[in-house]
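Q:
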Amino acid sequence: MASKLPTVVLVHGAWHGPWCWDGVREQLAAVGISSTAVTLTSSGPQLGGLQDDIAAVHARLDQLDGPFVLVGHSYGGIPMTSVAATRSDVRHAVYVCAFAIPAGESLLSAVGGTPPEWWVIAEDQRTVTPDDPRKVFFNASDPDPAPQLTPQSMRSFREPLGEAAYGRVPATYVICERDAAMPPLLQEEMAKGIGAAAARLDADHSPWLGRPAELAKIIAGSTQE
Numbered sequence: 001m002a003s004k005l006p007t008v009v010l011v012h013g014a015w016h017g018p019w020c021w022d023g024v025r026e027q028l029a030a031v032g033i034s035s036t037a038v039t040l041t042s043s044g045p046q047l048g049g050l051q052d053d054i055a056a057v058h059a060r061l062d063q064l065d066g067p068f069v070l071v072g073h074s075y076g077g078i079p080m081t082s083v084a085a086t087r088s089d090v091r092h093a094v095y096v097c098a099f100a101i102p103a104g105e106s107l108l109s110a111v112g113g114t115p116p117e118w119w120v121i122a123e124d125q126r127t128v129t130p131d132d133p134r135k136v137f138f139n140a141s142d143p144d145p146a147p148q149l150t151p152q153s154m155r156s157f158r159e160p161l162g163e164a165a166y167g168r169v170p171a172t173y174v175i176c177e178r179d180a181a182m183p184p185l186l187q188e189e190m191a192k193g194i195g196a197a198a199a200r201l202d203a204d205h206s207p208w209l210g211r212p213a214e215l216a217k218i219i220a221g222s223t224q225e
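Each residue of the sequence shown is one higher than the one before, starting from 1 at the first, in the numbering used here.
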C-alpha cells in the first residue's frame, strides 16, 4: 500500500497572513497535494509572541492527520523550526528565504541586535512596521499587496528560539536571489548552517507572489521524499 502523501502546512512571515499563500496553494492543489495555511498571532491585533506562534502551528497540526511538510517564510521559519524539532509527524521542512537560527537566538539578535533601518518601531515599543514594503518585500513582484500587511509584535522578534533540532528532519532552503529584505549571502549561510539542500529562485522576498508555480514545484518535490 502506498504511503500517505504529506499535507503541506504553510507558515507565513511577519506582517503577513495566510492569504499570502493562496497562489502557491492553488498550484499545489493542481498536482493533487493538500495544503493548509496557519494564522500566526504575532501579526495583527493579537500581537502575540513567538511562543504563541509556535502554539498556533502545533494547534493546526493537531487538527489534521499527518505526515506533514512544513514550509516557513521569513520570520515563519523560526516557529516552524521549533515545531519540526518536537514532532515525529513532520517529514520535511522548507525554508523560504526564512530565518534558520540557532537555539537561544531571537530574530533581533540574529540580525545583530540592532533593528534594521527599514523597521518603524512604535513609540510604545509594542509593534513594528516596514517603512517601504514595496521596496523591501515586493521589489520584483506585481501586484503590490502592501495594503494587506498588519503591524508585527516586537515581542515576537525579541523572544529566543527554544528548540532547534536541525538535521532531525530533511530540510530544503529556497534562496531568493533578488531579496532586498534578507541578503542572499545570508540565506546561503543559513542553508549551510542547518545542512539544508539549497534551491534558488530568481525572486524577491515574496516568491509566493512573484514565482508561485516555481515555489510550489520545489515544495511538491519535498513531499515525495
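Note that CB positions come from ideal geometry on N, CA and C, so glycine has one too.
Given the structure is predicted, the values throughout are model-derived calculations rather than measurements.
#1: Please state if the CB of Gly-162 and the CB of Ala-103 are separated by a distance shorter than 8 Å.
#2: Can you check which of these residues, Trp-208, Val-120, Ala-171 and Asp-65, is closest to Asp-179 by C-alpha distance?
#3: Looking at the secondary structure, which residues open and close the beta strand (DSSP E) in which Thr-36 lies?
#4: Residues bridged to Pro-130 by DSSP?
#5: Identify whether Ile-78 lies in helix, strand or coil by the three-state DSSP scheme.
#6: Determine the burial state of Glu-159: buried for a count of at least 16 other Cβ atoms within 10 Å of its Cβ, exposed for fewer.
#7: Secondary structure at Met-1, three-state DSSP: helix, strand or coil?
#8: Can you tell me which residues form a DSSP beta bridge with Thr-172?
#9: Spell out the partners DSSP gives Thr-7 in its beta bridges.
#10: Check this for me: beta carbons of Tyr-173 and Ala-140, under 8 Å apart or not?
#11: Quick one: residues in its chain with C-beta nearer than 6 Å to the C-beta of Thr-81, no 5 flanking neighbours on either side, listed in chain order?
#12: Only counting the same chain, and skipping five residues up and downstream in sequence, which positions put a Cβ closer than 7 Å to that of Leu-98?
#13: Could you pull out every residue in the same chain whose Cβ sits closer than 8 Å to the Cβ of Gly-167, ignoring the five residues on either side in sequence?
#14: Taking only the alpha-carbon atoms, compute the straight-line gap between Ile-121 and Lys-4 and give it to the nearest angstrom.
#15: By the 10 Å Cβ neighbour count, where 16 or more other Cβ atoms means buried, how is Trp-21 classified, buried or exposed?
#16: Could you spell out where the alpha helix (DSSP H) holding Ile-218 opens and where it closes?
#17: Over what stretch of residues does the alpha helix (DSSP H) that includes Leu-107 continue unbroken?
A: Reading from the atomic positions:
#1: yes
#2: Trp-208
#3: 35-38
#4: Trp-119
#5: helix
#6: buried
#7: Bear in mind that the predicted position of Met-1 carries a pLDDT of just 39, short of 50, making it too unreliable to give a figure here.
#8: Val-94 and Ala-197
#9: Phe-68
#10: Cβ atoms of Tyr-173 and Ala-140: not closer than 8 Å.
#11: Within the same chain, Cβ atoms closer than 6 Å to the Cβ of Thr-81 are found at Ala-164, the five residues on either side in sequence being excluded.
#12: The identity of residue 98 in the sequence shown is Ala, whereas the question assumes Leu. Same-chain partners within the cutoff: Gly-72, His-73, Ser-74, Gly-76 and Gly-77.
#13: Non-local beta-carbon contacts of Gly-167 in its own chain, meaning distances under 8 Å to residues more than five positions away in sequence, involve Ile-194 and Gly-195 in chain order.
#14: The alpha-carbon atoms of Ile-121 and Lys-4 are separated by roughly 45 Å.
#15: buried
#16: 212-222
#17: 107-110
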